[in-house]
Every structure is written in structure tokens, then in C-alpha cells.
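Asker:
In this note's numbering, the protein residues as written are 321 to 950.
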């Protein structure tokens with residue numbers, strides 16, 4: 321039995337004893353205990369202990385949040401001991417609605433001109449944000465630390481404490497690369513720019529790395545400055561380790577320098593931790609090189625590193641060993657061993673709330689099951705990743721995991737010909753004509769044949785539509801041929817609002833109007849959707865960005881593994897087609913698309929890139945796939 325398993329079992333036995341002792345004492349005072357009563361009490365103690373172990377963390381978190389709110393988040397920190405206790409509260413506050421509240425402690429310290437305290441808060445907070453996988457908040461935290469350092473440098477205290485000042489500066493730049501902006505997703509970069517602009521922090525944002533290529537040169541420069549001072553050996557080791565980690569190359573000169581510096585570290589635990597880091601790094605380099613002859617050695621290095629981490633009780637780094645060991649097993653073909661390690665890493669990282677490692681192991685498990693064609697198992701882990709990322713408001717990880725749950729096939733169907741089309745009513749409503757019904761019946765038969773020929777189940781088909789009568793009647797015809805398919809209305813599929821001067825009007829009545837002329841220009845691809853909006857916004861046309869947000873909302877909440885059939889009007893078919901083709905509404909590529917009535921656009925998911933591409937005509941089923949110019 322592993323030491324970790326023994327520790328978990330002893331912890332649970334401790335809960336039982338804590339509950340059992342008071343109960344048996346009370347019982348002995350009340351009456352003479354018999355063997356049956358003792359057994360009942362023991363069973364009751366085990367049940368209560370299990371419930372206590374299950375719910376205590378949630379109760380503890382709730383109490384911390386209440387305490388934090390009562391104290392207006394945090395008082396200014398005066399010592400590392402106090403700081404650590406406050407960070408426990410900070411960790412629980414990660415569950416609040418407004419994540420920027422997590423920055424209140426450091427902002428409060430800066431506002432009260434306690435800059436050293438602000439730096440101290442930032443260092444502790446950063447490790448918590450890394451643990452929770454909150455890179456966006458971690459970047460903002462880092463920007464505030466840089467601001468605190470800048471302000472501290474101009475104080476009288478800093479002038480007499482140059483060493484403390486330089487130490488803080490180097491510590492920030494070397495030890496917390498998680499503040500670098502290259503880790504952020506595009507949407508998070510946009511949020512970051514908006515935040516720093518509103519708060520006047522732009523100058524400090526520029527001090528951080530924006531691209532991964534900027535990291536290594538910055539590290540080398542910082543390491544050289546530290547080396548010149550001939551102290552801060554632990555920080556020099558951190559710099560060397562990160563240089564090697566980012567390039568993952570066997571740079572012997574850097575490796576030798578790192579080993580030399582490790583021996584100069586005075587603190588025993590820090591020395592052990594850095595030596596374990598070096599062992600771990602050597603194993604990573606072997607995997608990067610894909611050197612099969614050295615895999616056995618690499619696994620031995622990981623075992624040694626894990627033992628060192630266990631000796632110094634560094635669980636955070638201990639859980640990193642599981643994923644690396646699993647990846648090496650996977651590369652050498654020991655698939656079951658790899659799966660076991662990924663599962664251990666998944667369980668342990670979630671137990672200690674190290675969510676960056678938890679996400680890493682989830683991804684490894686998904687890829688493992690996909691490689692075995694076990695899509696259902698992969699989806700279960702993807703759904704768990706989505707759930708956890710959503711709970712922690714981690715949009716970047718949420719978007720990564722949600723791609724695994726996206727449907728393989730998306731069919732965009734424009735409704736069949738309707739009465740309003742015959743009368744040429746703009747954005748109007750009407751029942752399907754006989755031609756429209758016939759076209760949709762024929763198309764439905766072809767879709768059914770396509771699904772059946774490829775072994776898909778009707779239960780895996782989802783049909784979406786909303787709004788107009790012609791859309792609902794088209795959905796009804798599809799459902800008759802696909803009776804086991806799921807059907808759902810979604811308000812994001814409502815047609816675009818064109819404004820009171822166009823909405824529901826006949827083209828013959830509008831032929832001379834300026835608004836109709838603008839619409840015609842866009843249909844002819846002579847103006848952009850943004851230009852069309854600018855010319856018609858006074859009449860109440862829906863803004864393109866609002867319309868686009870509907871597409872984002874629809875696809876972000878689309879999570880099934882089979883076919884998705886979307887029945888829609890012209891404007892929605894244009895919107896969704898451009899969205900799936902990655903043509904944003906504010907680009908010149910967003911134009912009118914002539915999807916015929918009863919026509920279809922078929923997208924298929926590329927499993928490697930997690931993007932959708934237009935499927936070419938399939939001559940076997942003779943489905944009329946509508947193709948776009950790429």
C-alpha cells in the first residue's frame with residue numbers, strides 16, 4: 321500500500337475516532353453498554369464520519385467566505401503567518417461571482433501606500449491563482465505587483481533597503497512566469513486590455529511577456545543580473561530551470577550551472593525541492609526527445625523526484641509526477657500503466673485543488689480514450705472538465721473542453737419555400753407551400769439515408785429551430801422521418817431584426833426606399849454587414865455584434881456527439897455559416913450567402929484541429945451539399 325493511501329485511510333480513521341469517542345462516552349454515562357449497542361454506535365460513528373469527511377470542506381469554505389465578507393475581505397498583511405491564513409480565505413473566494421474581487425487585498429494595500437505588503441500579498445495570491453488555474457486574474461495580480469514595486473522604489477525606505485527591493489523584483493520576474501500574458505486566450509487578452517485601460521495600468525502591462533518567445537531572453541537577462549550579485553542561489557536555480565523548461569533542450573552548460581547552484585542553497589528543503597525539480601526536468605527532456613532507450617531511466621528519475629517531494633511534503637509538485645509518468649508510459653506503449661497514472665493524477669490534483677494539473681490529466685485521459693476509439697469515456701471526462709472549469713469561471717479551459725463535446729456533423733437547413741417567400745415579404749412569416757413541403761420531404765429522406773448508411777443512431781440526432789411558422793413546419797416534416805431524434809427550440813435562432821422600415825414589408829413596396837437599397841448592396845456583397853447596420857440602425861436594426869453573440873451563445877451551449885440539424889431563416893443561416901467558417905461579423909468576409917430554400921450546408925468537425933470544415937458533395941447519397949468559396 322502506498323504512503324499516500326495509508327495517509328488517506330488514517331485520516332478517515334481519525335474522523336471515526338473523533339466521532340466515536342464522544343458518542344460512547346455519553347452512552348456509558350447514560351446506561352450500561354452491551355456488545356450490540358457498541359456495534360450500533362460504531363456503525364453510526366462510521367456513517368457520521370463519512371458525512372463529516374464529505375461535507376466539511378464545503379462548510380469550511382462557506383465559513384471562510386462569510387468571515388472574509390464580514391472583514392471587508394482582508395486587513396493589510398503584517399507578517400507571512402498572517403498572510404498565509406488570509407490566503408486560505410482568498411482560495412475560497414475563488415468561488416465568488418465577480419473574480420476581480422480577488423484583487424481587493426493587493427489594491428487595498430497599494431491605495432494605503434503599504435507597498436511591501438502589496439508585494440507580499442501578490443506573491444502569496446499568485447501561487448493560489450496558479451493552483452486554481454486562474455491565469456487571467458493571475459496576470460492582473462502580477463500587474464499590480466509590478467505597480468507596487470514601481471511605487472516602492474520611490475520611497476525613502478527603498479533607498480535604504482536596496483537589497484530587499486532588488487530581491488522582490490527578481491522574485492517576481494523569475495518565480496512567477498504565470499503572470500506572462502502568453503498564457504491567455506484571445507478573449508481573455510481583450511478583457512485584460514479593457515481592464516488595464518480602465519484602471520490606468522497600461523505601463524505595467526508592458527512589463528510582462530506577451531509571447532512565449534519573449535520568455536527565455538528575459539530569463540537569461542534576469543539570471544545574469546542575479547549571478548552578478550552572487551547571491552539568491554534559489555532564484556538563480558529557478559531561472560535556469562525555467563530556461564530549460566521552456567526550450568526543453570539538453571543544454572549541458574545550463575544544466576551544469578543549475579547543479580552547481582543547487583549545492584549552494586542553504587535551506588535544506590529548498591535544496592531538496594530544487595534537486596527534485598532537476599530530476600523531473602531531465603525526465604521531461606527524455607520524453608521531448610522521444611528517446612525510447614532512455615524511458616526506463618526517465619521513469620526512475622520521476623520516482624526519485626516524487627520521493628523527494630514527499631519528504632518535504634510538497635503535494636503540489638508531487639501530483640505533477642503522475643502526468644509525466646503517464647505520458648512516458650503512453651509513449652513506450654504501456655497504455656494501461658499510462659491510464660492508471662493519468663487517473664491517479666486526476667484524483668490527487670482534484671483532492672488538493674491543484675486545478676492546473678487537474679486539467680492537464682483530464683486532457684490526457686480524453687486523448688487516451690479517443691486513441692482507443694472510446695468516445696463515450698472521453699466525453700465523460702470532457703464533461704467533467706467543462707463542469708469544473710465552469711464552476712471556477714475558467715473560460716479558457718471551458719472552451720478547450722467544450723470542443724470535445726461538440727457534434728461531429730452540423731447541418732444548416734434553410735426552411736422550405738413558404739407563402740411569405742412567394743409574396744416576397746422581408747423577414748415575414750408564412751406556412752410552407754406544396755413545393756416547400758415536397759423539397760423538405762426529399763431532403764429529409766436523404767438525410768435519413770445518410771445517417772443510416774453510416775451507422776449513426778437517430779437518438780444521436782438533435783434538431784433545433786425557433787420562431788417563424790415556416791421553420792416550425794420544416795422541423796415537423798424532419799421529425800416524421802426521424803421520429804427518435806431530439807427536438808428543441810432555441811431563441812438564439814430567431815432571425816435578425818431589420819428594423820421597422822423593412823421588417824414584414826413587401827419588396828415591391830420598398831423597391832424605391834433607401835433602406836431596401838442598402839440591403840440590396842449587402843446582398844450583392846458590395847458593402848459589409850457593419851456598413852448595412854450603420855445605415856439602418858436608426859430604424860431599429862439589430863447590431864451585428866449582438867447578433868454574433870447569439871451564435872456564440874448557441875454553439876457554446878451545444879454539447880452532443882451526434883448530428884445537429886439546425887432549421888433556420890436566411891439571416892440565421894448566414895450568421896451560423898460565417899461563425900463556423902471563422903469569419904467574424906466585423907471582417908470583410910462576412911457577406912450575404914445565397915442558401916436556396918430547402919437547401920443545406922453540411923459542416924463536419926476536424927478532430928485534430930477541433931474546427932469545422934465544409935464537407936464536399938457526397939456522390940454516394942446524392943445529398944446536395946452547398947459549398948462556399950474558401
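Positions of the beta carbon are idealized from the N, C-alpha and C atoms, including for glycine.
Hey, could you find the ends of the beta strand (DSSP E) residue 920 is sitting in?
Answerer: Unbroken beta strand (DSSP E) run through residue 920: 920-926.
Asker: Within the continuous beta strand (DSSP E) that includes residue 705, where are the two ends?
Answerer: Careful: residue 705 lies outside any beta strand (DSSP E), inside the alpha helix (DSSP H) at 695-711.
Asker: Relative to the C-alpha of residue 726, which candidate in 884, 664, 683, 449 has its C-alpha closest?
Answerer: The candidate whose alpha carbon is nearest that of residue 726 is 884.
Asker: So, using beta-carbon positions, are residue 622 and residue 645 closer together than 8 angstroms?
Answerer: Going by C-beta atoms, residue 622 is nearer than 8 angstroms to residue 645.
Asker: Are there 16 or more other CB atoms within 10 angstroms of the CB of residue 711, so buried, or fewer, so exposed?
Answerer: So residue 711 ends up on the exposed side.
Asker: Mind checking who residue 883 pairs with in its DSSP beta bridge?
Answerer: The partner list for residue 883 (beta bridge, DSSP) reads 729, 781.
Asker: Whether or not the segment 822-840 and the segment 886-895 are in contact is what I'm after, with contact meaning three or more pairs of Cβ atoms, one per stretch, closer than 8 angstroms; do they touch?
Answerer: No: the two stretches stay apart, fewer than three of their Cβ pairs being nearer than 8 angstroms.
Asker: To the nearest angstrom, how far is it from the Cα of residue 294 to the Cα of residue 493?
Answerer: Outside the shown range of the chain (321 to 950) lies residue 294, about which nothing can therefore be said.
Asker: Fully enclosed by the segment 520-583, which alpha helix (DSSP H) runs are 4 residues long or longer?
Answerer: Fully enclosed alpha helix (DSSP H) runs of 4 or longer: 522-525, 535-549, 553-567, 572-582.
Asker: Using beta-carbon positions only, say whether residue 559 and residue 580 come within less than 8 angstroms of one another.
Answerer: No; because the gap between Cβ atoms is not below 8 angstroms, this pair is not in contact.
Asker: Is the beta carbon of residue 639 closer than 8 angstroms to that of residue 684?
Answerer: Contact: no.
Asker: Just verifying my parser: in three-state terms, what is the DSSP assignment at residue 631?
Answerer: In this structure, residue 631 counts as helix in the three-state DSSP scheme.
Asker: Check whether the segment 728-740 and the segment 807-823 are in contact - that is, three or more C-beta pairs closer than 8 angstroms.
Answerer: No, the segment 728-740 does not touch the segment 807-823.
Asker: I'd like to confirm the pairing. Which residues does DSSP put opposite residue 607 in its beta bridges?
Answerer: None; residue 607 has no bridge partner.
Asker: On the criterion of 16 or more Cβ atoms from any shown chain inside 10 Å, does residue 367 qualify as buried, or is it exposed?
Answerer: By the neighbour-count rule (16 or more Cβ atoms within 10 Å), residue 367 is not buried but exposed.
Asker: Do the CB positions of residue 697 and residue 682 come within less than 8 angstroms of each other?
Answerer: No. Outside cutoff.
Asker: When burial is assigned at 16 or more other CB atoms within 10 Å of the CB, is residue 702 buried or exposed?
Answerer: That one is buried.
Asker: To the nearest whole angstrom, what separates the beta carbons of residue 593 and residue 544, a pair I think is in contact under 8 angstroms?
Answerer: Wrong, their Cβ atoms sit about 23 angstroms apart, outside the cutoff.
Asker: Please report the distance separating the alpha-carbon of residue 724 from that of residue 531.
Answerer: Spanning the two alpha carbons is a distance of roughly 27 angstroms.
Asker: Nearest to residue 848 by alpha carbon, out of 717, 913, 808, 761?
Answerer: Cα-wise, what sits closest to residue 848 is 913.
Asker: Within 10 angstroms of the Cβ of residue 691, are there 16 or more other Cβ atoms? Answer buried if so, exposed if not.
Answerer: By the neighbour-count rule (16 or more Cβ atoms within 10 Å), residue 691 is not buried but exposed.
Asker: What are the partner residues of residue 809, as DSSP defines its beta bridges?
Answerer: Paired residues: 785.
Asker: In this structure, does DSSP put residue 491 in helix, strand or coil?
Answerer: Looking at residue 491 - three-state DSSP - the assignment turns out to be helix.
Asker: Residue 512 and residue 456: beta carbons closer than 8 angstroms?
Answerer: Against a cut-off of 8 angstroms, the Cβ pair of residue 456 and residue 512 comes out as a contact.
Asker: What residues are listed by DSSP as bridge partners for residue 826?
Answerer: Partner(s): 745.
Asker: Can we say the segment 506-521 touches the segment 428-447, given the rule of at least three CB pairs closer than 8 angstroms?
Answerer: No, they do not touch.
Asker: My output table needs one value for residue 878: the three-state DSSP class, helix, strand or coil.
Answerer: The answer is coil: DSSP assigns residue 878 none of H, G, I, E or B.
Asker: Determine the closest residue to residue 677 out of 649, 717, 931, 700, with distance taken between C-alpha atoms.
Answerer: It is 717.
Asker: Mapping DSSP to helix, strand and coil, what is residue 734?
Answerer: Note: residue 734 maps to strand in three-state DSSP.
Asker: Tell me, to the nearest whole angstrom, how far the beta carbon of residue 899 is from that of residue 867; I am working on the premise that it is less than 8 angstroms.
Answerer: Between residue 867 and residue 899 the Cβ distance is about 10 angstroms, and since that is not below 8 angstroms, they are no contact.
Asker: What would DSSP say about residue 586, mapped onto helix, strand or coil?
Answerer: Residue state, collapsed to three classes: coil.
Asker: Since residue 791 and residue 862 are thought to touch, with beta carbons under 8 angstroms apart, how far apart are those beta carbons, to the nearest angstrom?
Answerer: Contact doesn't hold; Cβ gap of about 18 angstroms is too wide.
Asker: Among residues of its own chain, excluding the 5 on either side of residue 642, which ones have a beta-carbon nearer than 6 angstroms to its beta-carbon?
Answerer: Result list for residue 642: 661, 664, 665, in chain order.
Asker: Below 8 angstroms between beta carbons: does that hold for residue 478 and residue 439?
Answerer: Taking 8 angstroms as the Cβ cut-off, residue 478 and residue 439 do not qualify as a contacting pair.
Asker: Return the chain-ordered list of same chain residues with a C-beta closer than 6 angstroms to the C-beta of residue 843, the five sequence neighbours on each side being excluded.
Answerer: The residues are 912.
Asker: Please tell me whether residue 1000 and residue 607 are closer than 8 angstroms, where the distance is taken between their beta carbons.
Answerer: With the chain covering 321 to 950 only, the question about residue 1000 has no answer from this structure.
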